[in-house]
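When we follow full-length UniProt numbering, the leftmost residue of the sequence shown carries the number 1, and every step to the right adds one.
Remarks on the structure that follows.
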Amino acid sequence: MSTTWHILGAGSLGTLWATRLARAGVPVRLILRDEARLASYQAAKGLTLVEQGAEHTYPVIGETPDSPEPIHRLLVACKAYDAQDAVAQLQHRLTPDAELILLQNGLGSQDAVAAQLPQARCIFASSTEGAFRDGDWRVVFAGHGYTWLGDASHPTPPLWLEDLHAAGIPHDWSTDILTRLWRKLALNCAINPLTVLYQCRNGELQAHHCEVATLCAELGELLECCGQPAAAQGLQHEVERVIHATAANYSSMFQDVAAGRRTEISYLLGYACQAATRHQLSLPHLQQLQVRLVEQLLARGLPRD
Ligand code: NAP
């Protein structure tokens, strides 16, 4: 019997992983916030995955953080701002050889979780898969993509990548996961905040070409300074390519703000600005972008972090 995957967070990505693992016969358990969420989940009789118009419900077992079973493998599928507290609630259940897979976007939350659990192996992930909830306990698989997993301190891939293979979760083991996460963060910083400020789709940023180019230059400087020169290579070109390729889309930050949801700004633009300050690097446009974005969030009654 293979090791059980405990999945923390039954949101978009947590459900996308839980349903595909369960479908492949891999043992999965879902950890929900509390008894009320567990009761709601049990009434729904499982997690529903909607894929290419077809839907299927998987009766994955649910539990609360108080459940007594030890946890050997934990997929952390919360938002970056919830990850540390959500993992802390489970600390007493983690075995000494526990492995955590951290799906959070941006940077900062992974190190915070790893520092909290010095004994555990923390594997960082960067995913281009896309999913959204169209109801409680229901997720629509909106964009096929890829997930890179890596461990900055141990280059050896874990054996359980077999489970992902069996589940049809496209993935690769990455020996430069930090470079991938920094690159994604830089792309996000160059695109997402501007889409909120100009209230536009990604493609409309083509009209703000100079501003995008200035931000890319500053982000490139930051990446070099943070020891990530590979993440800086051809950044502006890739940002322009993404803006073009996703012209009709609204960025995830735009969607969060439009829906009145908290953003992950502290782990994206906020993290970049903090890193610049730590390196005593002056990046006036990036810092001004953060000020403008925070103003916009506060004006909409959303948290500034
Ligand atoms: P989401 O849909 O908001 O799901 C997060 C889930 O975490 C929610 O179900 C929430 O529970 C749960 N949660 C929070 N604190 C918890 C706790 N203490 N105990 C148990 N559950 C808890 O978020 P998401 O879109 O899946 O995003 C997760 C991460 O993946 C983010 O960092 C995001 O940027 C990244 N990501 C997402 C996508 C995507 O397409 N969605 C793609 C790439 C990367 P409730 O339901 O009770 O609120």
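Ideal Cβ positions, reconstructed from N, Cα and C, are used throughout, including at glycine.
None of these values were measured; they are calculated from a predicted model.
Buried versus exposed, by CB contacts within 10 Å (16 or more), residue i
i           : result
residue 210 : exposed
residue 151 : buried
residue 195 : buried
residue 85  : exposed
residue 6   : buried
residue 170 : exposed
Nearest-angstrom beta carbon gap, residue j and residue i [assumed within contact, 8 Å]
i           : j           : result
residue 94  : residue 117 : 7 Å
residue 77  : residue 14  : 3 Å
residue 125 : residue 161 : The pair is not a contact, with the Cβ atoms about 12 Å apart (cut-off 8 Å).
residue 173 : residue 149 : 6 Å
residue 30  : residue 60  : 5 Å
residue 16  : residue 129 : 7 Å
residue 32  : residue 18  : Actually they are not in contact, since the Cβ atoms of residue 32 and residue 18 sit about 11 Å apart, beyond 8 Å.
residue 21  : residue 163 : 6 Å
residue 293 : residue 197 : 7 Å
residue 38  : residue 64  : 5 Å
residue 242 : residue 191 : 7 Å
residue 80  : residue 109 : 4 Å
residue 201 : residue 250 : 6 Å
residue 121 : residue 154 : 7 Å
residue 27  : residue 4   : 4 Å
Residue range of the beta strand (DSSP E) that includes residue i
i           : result
residue 96  : 94–102
residue 15  : Element bounds for residue 15: not the beta strand (DSSP E) but the alpha helix (DSSP H), 12–23.
residue 85  : Unbroken run through residue 85 is the alpha helix (DSSP H), 80–88; no beta strand (DSSP E).
residue 214 : Element bounds for residue 214: not the beta strand (DSSP E) but the alpha helix (DSSP H), 209–225.
residue 143 : 138–143
residue 131 : 130–135
residue 244 : Unbroken run through residue 244 is the alpha helix (DSSP H), 235–245; no beta strand (DSSP E).
residue 48  : 47–51
residue 149 : 147–150
residue 54  : 54–58
residue 160 : No beta strand (DSSP E) holds residue 160; DSSP gives it neither H nor E.
residue 265 : Where residue 265 is concerned, there is no enclosing beta strand (DSSP E), given that its DSSP letter is neither H nor E.
residue 8   : 5–8
Three-state class that DSSP yields for residue i in the structure shown
i           : result
residue 168 : coil
residue 173 : strand
residue 256 : helix
residue 179 : helix
residue 74  : strand
residue 196 : helix
residue 35  : helix
residue 106 : coil
residue 63  : strand
residue 281 : coil
residue 302 : coil
Boundaries of the alpha helix (DSSP H) in which residue i is found, first to last residue
i           : result
residue 126 : Segment 121–127 is the beta strand (DSSP E) holding residue 126; no alpha helix (DSSP H) there.
residue 269 : 269–278
residue 113 : 109–116
residue 294 : 284–299
residue 229 : 229–232
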